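*Asks:* To start, I am sharing the structure in question, which I have written as structure tokens.
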Amino acid sequence: MTRYAYFLFVFLLSVGNITIATDNSEFRAIWVVTWEHINSGLDAEQNKANVRTILDNVKKANMNAVLWQVRQSGTAYYNSTYEPWGKYAGYNNPGYDPLAYAIQEAHKRGIELHAWFNVFNVSDTVSGTIAKEHPDWICTNEDGVFMTKYRSASPGLQAVRDYTVNVAMEIVRNYDIDGFHLDYIRWNEYDDDDMKKAVSLPEQIAKMDGMIAEEKWDRLLKGTAGKRFIYDVEHPANGGIPGGFDSWDDWRRWSVTEFVRVLQDSIKAVKPWVRLSPAVLGRYNWGGWNGYYVVFQDAALWFNQAYIDQLTPMHYHWTTGNEFYGMLKGNCPSCWEQWIEDGINAKRLYTVGPGSYVLDDNNVWNNHEQIVNRSRSVDWVDGFQFFSYNSWKKYDYWGTAANTFFSRRTKIRPLDDAVTPPDSPSLVLNKIDSLTYEITVTPPSGITEKHWFAVYRSQDTQADTSSDEIIDLYLGDAVFTITDVFDGLQDYNGQYHYFATAFNRYWRESAPSNMESSDNIPSFAPTIVSSYPLEGEEIPVNEQIVITFSKTIDTSTVENAIHIMPSAGEFNVSWDSDLKQMTVGFTEYLQFNTP
């Protein structure tokens, strides 16, 4: 070890001009599972506090949406007249409406809430569920035997489709959701061998869609699986292919598509701005575990025919940026682009779904950034949804995302350009002190329903909604005020210019409001906030010096301003992507016991 006393003089440091490449329109969401937002062991106020924490973290990460689970295994996490309360609510009313409260708190924070709805998976058997009240709706195998585990309602039954549309539409009518998100929107993958396994009901309820065990897929691939549960009481195997279809597979795909089509028509008749999206398997029709051939899920057709508004696959098989690019367009025909060109040309939304838990399991958590950046190089990608909240919570990843690949807030690209945008709001700027300003936004006169609003901040007086920074989003129909607080560590020390816009629920944006300007905002000189080693500390002979600064540095001013005592020979300097952390590496080992 060498006792390496050093002192770092930076007389000429100046702040660098960093241009952050961003698009002001990008969907950014995270899946929030039932047990992540509600716990039967907590009281109502504790559960509400957890909801607020979840949404605070989502906003901290500069995300703008949540996929919030509201139906699971045939049970409800909202006030339903059709189905009982779910397991994680203790099968009882939790003392508040979990969905209404989550919507209220999400909209306060400028976050969309999409109701995540498990469709045909109905594993729970508590009183009031499909499995309990309508056991004849459960899928059968070719011998007419009903499923006894991982129960799935048959998409082939008109009664199942009608009932499930009614359950879904109760949510659409009664709650101010922004999207309706379908999961388990497919036939099941199970066979009679699966029914023999010792699997508890809680395990069945907690089973997530998207991936399949290698052992299970191997049996399906080799044809050694037992008899699959892909028939029902009205369509038994010995009854032959249903009329009007060339194959059983065609009928199965039609039955799922028919549910999606009818639900889309029903939603558009009531709340046409609510976007319908499905969590589909990450492979459309190629590879092994795919939607089209294995579970009869024709996601490309839905996207191309406008049966959905947004395609949100579960891309859990891929862990690097290049793999994501190949899956999206680089490896066609084993890619999405070739199969969804009509939907792309129609400007429907396609968003990428990394499995954050998969990155964790494979020890490549830091690949999030390369996956996001590489996916952005595909011009028809409109954003991201990550699975799931608890994975990000484990890494406390919210601030990291906001400082790297989600460095600025974004709005959501409008789906229908034919919808007329609203009138402009008005804005008033009030200086509290040299580093604090209040911005009050008044909605345009005459509005009678909630609108989205964005507050922008610009360094010039030309309002540009495609590049000026969005500092907040909000949904409401009344005057609101936000506070913009600076810490003096921002790179810019001139005037800021504020304006606002209004959006209808389709995200069609108004012209900018009036613009109001701040005084010059103080920007303090950069300081050292941490270093390794500290002055006077020892350092191993083969290690580097790491210095972290309080703000972005103009690196061209640094190297000649570094003085190391005693001399350590030649060294090189490298910087992190934010230009706030400097690493000094030496070409040779340091000397032992240097005074």
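One gets our numbering by counting positions in the sequence shown from 1 and adding 4 to each. Cβ coordinates follow ideal geometry from the N, Cα and C atoms, glycine included. For clarity, every value in this text was computed on a predicted model and none was experimentally measured.
#1: Kindly indicate which three-state DSSP category PRO276 falls into: helix, strand or coil?
#2: Among the residues of its own chain, which have a CB less than 7 angstroms from the CB of GLU473, if the five just before and after it don't count?
#3: Tell me, please, which residues DSSP counts as bridged to GLY183.
#4: May I ask which residues mark the beginning and end of the alpha helix (DSSP H) holding TRP32?
#5: Whose C-alpha, out of THR587, ALA572, GLN585, ASN576, is nearest the C-alpha of LEU594?
#6: In this structure, does DSSP put TRP511 in helix, strand or coil?
#7: Note down the Cα distance separating THR79 from PHE300, rounded to an integer number of angstroms.
#8: What is the DSSP secondary structure of PHE553, counted as helix, strand or coil?
#9: Smallest Cα separation from ILE344: which of TRP369, ASP365, PRO317, TYR361?
#10: Can you tell me the Cα-Cα spacing of ALA659 and PHE507, whole angstroms?
#11: Along the beta strand (DSSP E) that carries MET586, what are the first and last residues, could you check?
#12: Using CA coordinates, which residue listed in TYR154, ALA515, ARG165, LEU224 is at the minimum distance from ILE209?
#13: In the DSSP output, what is PRO358 paired with across the bridge?
#14: Do ALA157 and VAL164 count as a contact pair if the criterion is CB distance below 9 angstroms?
#15: Check whether the Cβ atoms of THR323 and VAL368 lie closer than 9 angstroms to each other.
#16: According to DSSP, GLY292 sits in a beta bridge with which residue or residues?
#17: Is it the case that the Cβ atoms of TRP39 and VAL70 are separated by a distance below 9 angstroms?
#18: When the Cα atoms are used, what is the spatial distance from THR505 to GLY295?
#19: Once the 5 residues before and after THR487 are set aside, which same chain residues still bring their CB inside 8 angstroms of it?
#20: Do LEU117 and TRP191 come within 9 angstroms of each other at the CB atom, strictly closer than that value?
#21: With a threshold of 6 angstroms on Cβ separation, who are the neighbours of VAL382 within its own chain once the five nearest residues in sequence on each side are excluded?
#22: Given this structure, state the Cα-to-Cα distance separating ASN394 from ASN242, to the nearest angstrom.
#23: Between the Cα of ASP364 and the Cα atoms of SER560, TYR401, ARG352, which residue gives the shortest distance?
#24: If we ignore side chains and look at the alpha-carbon of each, how far apart do SER131 and THR168 end up?
#25: Just to confirm before moving on: does the CB-CB distance between HIS643 and ALA529 stay below 9 angstroms?
#26: Work out the CA separation of THR469 and PRO516 for me, nearest whole Å.
#27: Do the stretch 226–240 and the stretch 262–278 meet, that is, are 3 or more Cβ pairs less than 8 angstroms apart?
#28: Out of curiosity, what's the CA-to-CA distance linking ASN564 and VAL577?
#29: Quick check for students: name the residue ranges of the alpha helix (DSSP H) that lie wholly in the stretch 411–494, counting only runs of 4 or more.
#30: Considering only their Cβ atoms, is the gap separating SER521 from GLN499 smaller than 9 angstroms?
#31: ASP147 to LYS226, Cα distance in whole Å?
#32: Report back the beta-carbon spacing between THR355 and PHE390 to the nearest angstrom; my notes put them in contact at under 8 angstroms.
#33: Which residue from ARG265, PRO139, ILE115, ASP182 puts its Cα closest to that of ILE189?
#34: For ARG256, collect the residues of the same chain with a Cβ closer than 8 angstroms to its Cβ; drop the 5 residues on either side in sequence, then sort them by chain order.
#35: Counting along the chain, where does the beta strand (DSSP E) carrying TYR536 start and finish?
#36: Label TYR320 either buried or exposed according to how many other C-beta atoms from any shown protein chain fall within 10 Å of its C-beta, with 16 as the threshold for buried.
*Replies:* Result, derived from the coordinates:
#1: In the sequence shown, residue 276 corresponds to position 272, counting from 1. Of the three classes helix, strand and coil, the one that applies to PRO276 here is coil, per DSSP.
#2: Position 469 of the sequence shown, counted from the first residue, corresponds to residue 473. Cβ neighbours of GLU473 beyond the five flanking positions: ARG412, TYR460, ARG461.
#3: Along the sequence shown, one-based indexing puts residue 183 at 179. HIS118, ARG279, per the DSSP bridge assignment.
#4: As a first step, residue 32 must be located in the sequence shown, where it is residue number 28. First, the amino acid is wrong: residue 32 is Arg here, not Trp. Premise fails: ARG32 lies in the beta strand (DSSP E), 31–36, not in any alpha helix (DSSP H).
#5: Translated into the one-based positions of the sequence shown, residue 594 becomes position 590. Of THR587, ALA572, GLN585, ASN576, the residue nearest in Cα terms is ALA572.
#6: As a first step, residue 511 is located in the sequence shown; it is residue number 507 there, counting from the start. Residue state, collapsed to three classes: coil.
#7: One-based indexing of the sequence shown puts residue 79 at position 75. One-based indexing of the sequence shown puts residue 300 at position 296. Each residue's alpha carbon lies about 24 angstroms from the other.
#8: Residue numbering aside, residue 553 sits at position 549 when the sequence shown is read from its first letter. In the structure shown, PHE553 sits in a strand (DSSP, three-state: E or B).
#9: By 1-based counting over the sequence shown, the position of residue 344 is 340. The option with the nearest alpha carbon to ILE344 is PRO317.
#10: Lying before the first or after the last residue shown, residue 659 is absent from the chain, which here runs from 5 to 599.
#11: Translated into the one-based positions of the sequence shown, residue 586 becomes position 582. It spans 585–590 - the beta strand (DSSP E) in which MET586 sits, taken as one unbroken run.
#12: As a position in the sequence shown, residue 209 is number 205, starting the count at 1. Checking every option, the nearest Cα to that of ILE209 belongs to TYR154.
#13: The sequence position of residue 358 within the sequence shown is 354, counting from 1. Per DSSP, HIS319.
#14: Taking the sequence shown and counting its residues from 1, the one referred to as residue 164 is at position 160. Taking the sequence shown and counting its residues from 1, the one referred to as residue 157 is at position 153. Cβ atoms of VAL164 and ALA157: closer than 9 angstroms.
#15: Translated into positions along the sequence shown, residue 323 becomes position 319. Translated into positions along the sequence shown, residue 368 becomes position 364. Yes, the pair counts as a contact, with Cβ atoms nearer than the cut-off.
#16: Walking along the sequence shown from the start, residue 292 turns up at place 288. Per DSSP, none; premise fails for GLY292.
#17: Mapped onto the sequence shown, residue 39 falls at position 35. Mapped onto the sequence shown, residue 70 falls at position 66. For TRP39 and VAL70, no; Cβs fall outside 9 angstroms.
#18: Within the sequence shown, the letter at position 501 stands for residue 505. Within the sequence shown, the letter at position 291 stands for residue 295. When rounded, the distance between both Cα atoms is 40 angstroms.
#19: Here residue 487 refers to the residue found at position 483 when the sequence shown is read from its first residue. Once the five neighbours on either side are set aside, the close Cβ partners of THR487 are ILE436, THR440, TYR441, GLU442, ILE443.
#20: Counted from its first residue, the sequence shown places residue 191 at position 187. Counted from its first residue, the sequence shown places residue 117 at position 113. Not in contact: TRP191 and LEU117 (Cβ atoms no closer than 9 angstroms).
#21: Position 378 of the sequence shown holds residue 382. Within the same chain, VAL382 has close Cβ partners LEU332, LYS333.
#22: Taking the sequence shown and counting its residues from 1, one reaches residue 394 at position 390. Taking the sequence shown and counting its residues from 1, one reaches residue 242 at position 238. Looking at the two C-alpha atoms, the distance is approximately 46 angstroms.
#23: Taking the sequence shown and counting its residues from 1, one reaches residue 364 at position 360. Of the listed residues, the one whose Cα sits closest to ASP364 is TYR401.
#24: Here the question's residue 131 lines up with position 127 in the sequence shown. Here the question's residue 168 lines up with position 164 in the sequence shown. About 17 angstroms.
#25: Lying before the first or after the last residue shown, residue 643 is absent from the chain, which here runs from 5 to 599.
#26: As a first step, residue 516 must be located in the sequence shown, where it is residue number 512. As a first step, residue 469 must be located in the sequence shown, where it is residue number 465. Whole-angstrom Cα-Cα distance: 8 angstroms.
#27: no
#28: The count along the sequence shown starts at 1 and reaches residue 564 at position 560. The count along the sequence shown starts at 1 and reaches residue 577 at position 573. Each residue's Cα considered, the two are about 11 angstroms apart.
#29: none
#30: Taking the first residue of the sequence shown as position 1, residue 499 is located at position 495. Taking the first residue of the sequence shown as position 1, residue 521 is located at position 517. Contact flag set, yes.
#31: On the sequence shown, residue 147 is found 143 positions in, with the first residue counted as 1. On the sequence shown, residue 226 is found 222 positions in, with the first residue counted as 1. Their Cα atoms are separated by approximately 21 angstroms.
#32: Here the question's residue 355 lines up with position 351 in the sequence shown. Here the question's residue 390 lines up with position 386 in the sequence shown. Wrong, their Cβ atoms sit about 10 angstroms apart, outside the cutoff.
#33: Start at 1 with the first residue of the sequence shown, and residue 189 comes out as number 185. When only C-alpha atoms are compared, the closest one is ARG265.
#34: Numbered from its first residue, the sequence shown carries residue 256 at position 252. Excluding positions up to five away in sequence, the list reads PRO159, GLY160, TRP191, ILE234, PHE300.
#35: For the purposes of this step, residue 536 is identified with residue 532 of the sequence shown, where counting begins at 1. Here the beta strand (DSSP E) through TYR536 covers 532–536.
#36: Start at 1 with the first residue of the sequence shown, and residue 320 comes out as number 316. With 16 or more Cβ atoms within 10 Å of its Cβ, TYR320 is classed as buried.
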